[in-house]
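Step one of this worksheet: look at the structure below.
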Amino acid sequence: MKDSIHANWQMTQQTYDENESKQVYYFSMEFLLGRLVESNLLNMGMLDLYHDTLKSLGFNPEEVFREEHDAGLGNGGLGRLAACFLDSLASLQLPGHGMGIRYKYGLFQQKVVNGYQVELPDNWLKDEYMWETKRDDKAIEVRFGGTVESKVENGHLQFSHHDYERVLAVPYDVPIVGYDNNTVNTLRLWSAESTTNSFHFHSSRGHDYYHYLDYKRSIEKISEFLYPDDSYYEGKILRLKQQYFLVSAGLQSILQRYKKRNKPLSQLSDHVVIQINDTHPSLVVPELMRLLIDEEKLGWDEAWTITEKTVAYTNHTTLSEALEKWPEEMIKTLFPRLYLIIHEINERFCKMLWYDYPELRDKIAEMAIISYEQVHMSHLAMVGSFSINGVAKLHTSILQNRVMKPFYTVFPERFNNKTNGITHRRWLLNANPELANVITEAIGKEWIHSPEKLTDLISFASDSSFQEAIAKVKHDNKLKLAALIKEQYQITIDDQSIVDVQIKRLHGYKRQLLNLFHIIHLYNRCLEDPNLDLTPRTFIFGAKAAPSYSFAKQVIKLINAVAEKINKHPQISSKIKVLFLENYSVTLAERIIPAADLSEQISTASKEASGTGNMKLMMNGALTIGTQDGANVEIAELVGKENIFTFGLTSDEVFNYQRSGDYRARDYYNNDRRLRNVMDLLVNQHFSGDDVEFKDIFYSLLYNNDEYFVLRDFDEYIKIQNDVQQTYQNQTDWVNKSIINIARSGKFSSDRTIQEYANDIWNIKPTKIGNLIIN
Ligand code: 26W
1 MKDSIHANWQ MTQQTYDENE SKQVYYFSME FLLGRLVESN LLNMGMLDLY
51 HDTLKSLGFN PEEVFREEHD AGLGNGGLGR LAACFLDSLA SLQLPGHGMG
101 IRYKYGLFQQ KVVNGYQVEL PDNWLKDEYM WETKRDDKAI EVRFGGTVES
151 KVENGHLQFS HHDYERVLAV PYDVPIVGYD NNTVNTLRLW SAESTTNSFH
201 FHSSRGHDYY HYLDYKRSIE KISEFLYPDD SYYEGKILRL KQQYFLVSAG
251 LQSILQRYKK RNKPLSQLSD HVVIQINDTH PSLVVPELMR LLIDEEKLGW
301 DEAWTITEKT VAYTNHTTLS EALEKWPEEM IKTLFPRLYL IIHEINERFC
351 KMLWYDYPEL RDKIAEMAII SYEQVHMSHL AMVGSFSING VAKLHTSILQ
401 NRVMKPFYTV FPERFNNKTN GITHRRWLLN ANPELANVIT EAIGKEWIHS
451 PEKLTDLISF ASDSSFQEAI AKVKHDNKLK LAALIKEQYQ ITIDDQSIVD
501 VQIKRLHGYK RQLLNLFHII HLYNRCLEDP NLDLTPRTFI FGAKAAPSYS
551 FAKQVIKLIN AVAEKINKHP QISSKIKVLF LENYSVTLAE RIIPAADLSE
601 QISTASKEAS GTGNMKLMMN GALTIGTQDG ANVEIAELVG KENIFTFGLT
651 SDEVFNYQRS GDYRARDYYN NDRRLRNVMD LLVNQHFSGD DVEFKDIFYS
701 LLYNNDEYFV LRDFDEYIKI QNDVQQTYQN QTDWVNKSII NIARSGKFSS
751 DRTIQEYAND IWNIKPTKIG NLIIN
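Per our numbering, the very first residue in the sequence shown carries number 1; after that it's consecutive.
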């Protein structure tokens, strides 16, 4: 398999060069690939053959595939989106590649010990990584620190950089295999290495060898680990170094390849487009300017025209605590030349605002790239790119009308929406082959190439034999998940129960706490009335918390404490089970999602930019219980309000509360007995022998006025959860809704998303790769 991939890989790159196809480079600090053996076999059309061969040799294919370690080079949504995009680019025969970092350690492995999250290093490269190819011949030097001098030469101001630290960036290429075509694109992951010739040995200095080892360590640190922060910005100097390392190595390698085409730099944007995944790689703007001005000797205006036409920016969050702002001093010290360039971009931008937008004069301080000794990366990204996009309709409109409003006034033509998507090949065809088969039997296999064809299933929604087949697949998948849970946790789950899942990073705004309050409320009701008629439910959580986010870690402990109490209760445990599955990852998601009935998408409205787990679950036949947030809004539009469980504050209501300041969490506590009965259990040692264990959670709700409106949405959530149970009791009705959800999910294939990026932003077309003639 590897050989045929490598042959197609070479062929693809050669064809791109010969045809001079325009190339997209997707710059991202994260690529959350998961495993590749099975998905590559699937895309190569060899999965069935391998299955049969392994079986005939006496192996269990699943056990064999389990040997592969997940490539966990991402935190959550942003990183997994990048991986889905690569799959779609290759499958649509588009010349698009990833640029990332080859972290020695991926996202930490999570263990749950005594209910607490413990983080262990993810040493994914311990055994050789079969998919990567090291390209020493393509190594590039990246420079940090030092000083900059300027002098006038031939009437031009020239800058020279001295006393910098040299870091060698070595690329490791991973092939990205398209589905049922011959395309193989590249994910280029950069590793930081030192060379003895970049270190000055002085024979007179006795300790040089130790200095060298210190130096080597300090360089290798740059690509050592992925920061486990998701939606929370921390100004760590090493993270900034990582960002520049990716940007500088990536850009230099792109320019080297471009130059082989013998075209003038003025045409760069006809051949290359750079999409930046959030602001993390936004130093591409000043770095491209530096390369064009200092190395290629272009003038400022020409360099700026090229840069602005080449770079495009995607925003993935409006949370103010997640927007990157680096201290001016840090940028100045680490990248003295880039600092001067950013300063100049800022001066020109602010002047332009002053003269061309008199109505915005009082907004200049707020819009500046550098202000109050900080560099605002999103401002830099917006000023330096020709396209600015959000990731769901609601998110884009919040950017335009609120968070980035003055920028929208200045650059209205730059803003656009690209609703996220997921690759249906991994998340349906590969993760849930039984469902894929049932679909194909009903409507043929056209949907695999054209996922929007899934709408043909609509006419089967009330067909009883089709319903039966769909219900059987779900049940079989529950049995498989039950077996995994039994093996790992020695807990038996009821295969007739509603499988209710919330799988995503742990964060206040995602409101795992609201889900848990519903569970505790059901528990209280069972205690009050042992004969309560409750449809059995299995609540599944999967979530990693950032190691420094103590609130999130306490929520994990609380989930586990509640689980312990309920699962051990002699009567209640037959109706309710609560499971916190440790080490949530791409691979675990592939096991849970096919078995899910209910998809929890309950973020505080306005806070979840899009969500993509919502799409994966929908595509696998789960019904959504959700707020009107992110892409949930578009799911509701597609399936109709009778096929989704919507509740809670709207984003406008949330903004109004925030503006007026008249939300009073305590009133909800005082006025709702059920809520009081739930919350009091947190601080009266019911779930933990320790009465201070959960007090921070309790206080955040009552004394810090419940930032995420958990108490406000509690009542509506309980009510709609009751509707869920009612609907589930009528299986015909439930399965009918489930089929409608699957049928409408084709819109959320990342093929649709990538086609929109290709048409509206990148202006790229497919390049067909010929068949290799193998004699
Ligand atoms: C600098 C710290 C930091 C790290 C990561 C800040 C912000 C991030 C990401 C932008 C957070 C993220 O993953 N955002 C998610 O992106 C997904 C893909 O677009 C969306 O579906 C999620 O709603 C959004 O939270």
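The beta-carbon is built from N, C-alpha and C at its ideal position, and this holds for glycine as well.
Following the DSSP letters along the chain, one finds M99 inside the beta strand (DSSP E) bounded by residues G96 to I101. For I572 against I540, the beta-carbon gap comes to about 17 Å, at or over 8 Å, which does not count as contact. Judged by beta-carbon spacing, H280 lies within the 9 Å limit of S28, meaning their Cβ atoms are closer than that value.
When the five nearest sequence neighbours on each side are left out, the beta carbons in the same chain lying within less than 6 Å of the beta carbon of I388 are those of Y313, M382, R414 and F415, in order along the chain. Contact between the segment 628 to 643 and the segment 655 to 665 is absent: fewer than 3 CB-CB pairs across the two stretches fall below 8 Å.
Under DSSP, S191 takes part in a beta bridge, and its partners are V170. Between the ligand 26W and the CB of S231, the shortest heavy atom gap is smaller than 8 Å.
The shortest CA-to-CA distance from F159 to any of R166, I345, G145 and S150 is the one to S150. Between the alpha carbons of D48 and K259 lies a gap of roughly 43 Å. Residue range F415 to N417 is occupied by the beta strand (DSSP E) that includes F415.
In chain order, T419, S610, G630 and A631 place their CB closer than 6 Å to the CB of A392, counting only its own chain and leaving out the 5 sequence neighbours on each side. The segment 210 to 230 and the segment 95 to 104 touch, with three or more beta-carbon pairs separated by less than 8 Å.
Within the same chain, F551 and Q554 come within 7 Å of D696 by CB-CB distance, once the 5 residues on both sides are set aside.
The C-alpha of R673 lies about 19 Å from the C-alpha of F687.
Using a Cβ-Cβ distance cut-off of 8 Å, the segment 1 to 21 and the segment 227 to 246 are not in contact, since fewer than three pairs of beta carbons, one from each stretch, lie closer than that value. Annotation for P121: Y105 place their beta carbon closer than 6 Å to its own, counting only its chain and skipping 5 residues before and after.
For A71, the enclosing beta strand (DSSP E) covers residues A71 to L73. Judged by DSSP in its simplified three-state form, P336 adopts helix. Assignment of R143 by DSSP, reduced to helix, strand and coil, places it in the strand class. Three or more beta-carbon pairs separated by less than 8 Å link the segment 474 to 485 to the segment 594 to 610, which places the two stretches in contact.
Burial of G621 is indicated by the presence of at least 16 other C-beta atoms within 10 angstroms of its C-beta. At a threshold of 8 Å, D278 counts as near the ligand 26W, since its beta carbon sits closer than that to one of the ligand's heavy atoms. With respect to the C-alpha of I576, the residue from K474, L516, D208 and N8 having the closest C-alpha is L516. For G106, the enclosing beta strand (DSSP E) starts and ends at G106 to V113. Scanning its chain for C-beta atoms nearer than 8 Å, with the 5 sequence neighbours on each side dropped, one finds around L534 the residues L522, R525, C526, K575, I576 and Q725, in chain order.
Burial state of H156 is exposed, judged by a 10 Å Cβ sphere holding fewer than 16 other Cβ atoms. For A312, the enclosing beta strand (DSSP E) stretches over residues V311 to T314. Nearest C-alpha to I739 among Y50, C350 and K472: K472.
Secondary structure at S651: helix, using DSSP grouped into helix, strand and coil.
Annotation note: the segment 30 to 92 contains the following uninterrupted beta strand (DSSP E) runs of length 3 or greater, listed N- to C-terminal: 31 to 34 and 71 to 73. Close CB contacts of Q110 within its chain, under the 6 Å cut and outside five residues either way in sequence, are with Q117, K544, E582 and N583 (chain order). Separation of R290 and E119 (C-alpha to C-alpha, rounded to the nearest whole angstrom) is 40 Å. Counting only runs of 4+ residues, the alpha helix (DSSP H) found wholly inside the segment 226 to 269 occupies 237 to 259, in chain order.
Spanning the alpha carbons of G421 and L429 requires a straight line of approximately 15 Å. By the criterion of at least three beta-carbon pairs nearer than 8 Å, the segment 453 to 468 is in contact with the segment 733 to 749.
For Q117, the enclosing beta strand (DSSP E) begins and ends at Y116 to D122.
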